[in-house]
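Q: Pasting in a structure now, in structure tokens, and then I'll have a few things to ask.
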Amino acid sequence: MTVICDYHTHTPLCKHAVGAPIEYVRQAHEKGIKIIGFSDHCPAPSNFDTECRMDISLIEKYIEMIENVKNNSYGVKVLLGMEVDYVPGRMDEVLSLTNKYNFDYLIGSIHYVDDYPFDHPGYIDKWNTSEKINYVWEKYADLLIEMVTNFKIDIIGHLDLPKKFKMYPTNMDYVFSKLTRLFQIAVQKDISIEINTAGKRKIVEEFYPSLEILKLIKESGCSITFGSDAHAPDEVCSDFLEASIYAANAGFSEYTIILGKNIKQKEKLI
């Protein structure tokens with residue numbers, strides 16, 4: 657194992673994950689991981705897709721759960737993070753919450769286009785034509801740029817998530833032009849792109865992002881980090897050895913590790 661961190665894990669509070677935080681930490685220890693970050697779905701904005709995130713009343717319970725596990729962490733450094741959805745026009749509430757609590761880092765993700773969850777299997781029929789697929793990818797790329805421009809995050813989550821069901825646009829050149837701009841901003845703001853291994857467990861059966869996009873990230877000078885997007889303890893660090901080789905094949909020799917709030921450093925990949 658050459659990767660020592662996993663910054664994308666969840667807890668049962670999000671209503672679609674299983675296993676106590678200590679089980680995730682134990683798995684990290686057994687797999688040789690030195691740093692694990694919990695990044696459950698942000699409950700804000702409130703009353704928004706409440707089936708897939710914790711109730712806002714549970715935010716302090718979430719923080720307490722993670723703080724408690726630090727006392728019995730098998731020597732693994734445990735960080736408190738959060739995965740924040742960028743929802744245009746509703747980020748004031750999110751900003752209020754993230755400013756109130758002392759999170760070590762934030763993952764910025766986009767799961768919604770026009771307020772519907774494009775990565776949910778129940779919504780495939782809403783965008784299963786070529787025209788709609790192009791629209792979702794274009795809008796998704798635009799939202800990524802809005803997110804990094806207007807909201808402070810440390811990591812961009814599962815960058816090319818719309819490919820989850822093997823639905824690709826015919827206008828990928830347009831998408832790539834947007835991603836190039838995204839990476840320029842990410843470099844300026846010291847935002848890392850995660851290699852998210854959850855894609856290997858989905859229909860698409862490949863990491864997020866694609867190797868082609870990962871090479872573009874490398875060319876841009878943007879940094880990378882790693883996340884399993886674990887929703888169960890046995891998914892912690894899933895496919896990380898393969899992911900490290902994948903990153904090396906894209907030209908990376910190092911990646912970013914987060915040690916605490918605003919504390920980052922580079923780690924050798926191979």
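Under the numbering used here, residues 657 to 926 are what the sequence shown spells out, in order. Ideal Cβ placement from N, Cα and C applies to all residues, glycine included.
Could you name the residues of the same chain whose beta carbon sits closer than 8 angstroms to that of I859, not counting the 5 residues immediately before and after it, in chain order?
A: Closer than 8 angstroms at Cβ, skipping near neighbours: K820, F821 and K822.
Q: If we ignore side chains and look at the alpha-carbon of each, how far apart do D696 and P668 end up?
A: About 9 angstroms.
Q: M710 by DSSP, collapsed to three states: which one?
A: Correct three-state label for M710: coil.
Q: Which of the three DSSP states is assigned to Y864 in this structure?
A: It is a strand residue.
Q: Over what stretch of residues does the beta strand (DSSP E) that includes Y761 continue unbroken?
A: It spans Y761 to S765 - the beta strand (DSSP E) in which Y761 sits, taken as one unbroken run.
Q: Let me know if L867 comes out buried or exposed under the rule of 16 or more other beta-carbons within 10 Å of its beta-carbon.
A: Result: exposed.
Q: Pick from V831, V892, E720 and T826: whose alpha carbon is nearest that of A673?
A: Minimum Cα distance to A673 is reached at V892.
Q: Which residue or residues does DSSP assign as beta-bridge partners of V740?
A: According to DSSP, V740 bridges with G764.
Q: Could you spell out where the alpha helix (DSSP H) holding S786 opens and where it closes?
A: Element bounds for S786: S786 to N806.
Q: Tell me whether L897 is buried or exposed, calling it buried when 16 or more other Cβ atoms sit within 10 Å of its Cβ.
A: So L897 ends up on the exposed side.
Q: Please specify which runs of the beta strand (DSSP E), each continuous and at least 3 residues long, are wholly inside the stretch 814-893, giving them in chain order.
A: For the stretch 814-893, whole beta strand (DSSP E) runs of length 3 or above, ordered along the chain, are 848-852 and 880-883.
Q: Leaving out five residues before and five after D775 in sequence, what residues of the same chain have Cβ atoms less than 7 angstroms from its Cβ?
A: Excluding residues within five positions, the ones whose Cβ falls inside 7 angstroms are H767, L817 and K820.
Q: Given S765, which residues of its chain have a CB within under 8 angstroms of its CB, disregarding the five upstream and five downstream residues?
A: E739, V740, D741, Y742, I812, G813, H814 and L817, listed in sequence order.
Q: Mapping DSSP to helix, strand and coil, what is T667?
A: Coil.
Q: Tell me which same chain residues have a C-beta within less than 8 angstroms of the C-beta of P777, skipping the five on either side of it?
A: The answer, listed in chain order, is F821.
Q: Roughly how many whole angstroms lie between the Cα atoms of T927 and N918?
A: Residue numbering for the chain in the displayed model covers 657 to 926; residue 927 lies beyond these limits and cannot be assessed.
Q: Are at least three pairs of beta-carbons, each pair with one atom in the stretch 703-710 and one in the stretch 720-738, less than 8 angstroms apart?
A: Counting Cβ pairs under 8 angstroms, fewer than three are found: no touch.
Q: Quick test of your reading: I849 and I880, contact by CB under 8 angstroms. State the CB separation rounded to the nearest angstrom.
A: With a Cβ gap of about 5 angstroms, I849 and I880 count as contacting.
Q: Apart from the five residues on each side of it in sequence, which residues of its chain come closer than 6 angstroms, Cβ to Cβ, to Q683?
A: These residues qualify, in order along the chain: P889 and V892.
Q: Return helix, strand or coil for K717, following the three-state DSSP convention.
A: Looking at K717 - three-state DSSP - the assignment turns out to be helix.
Q: Look at the Cβ atom of V725, then the Cβ atom of I678, and state whether they are nearer than 8 angstroms.
A: Contact: yes.
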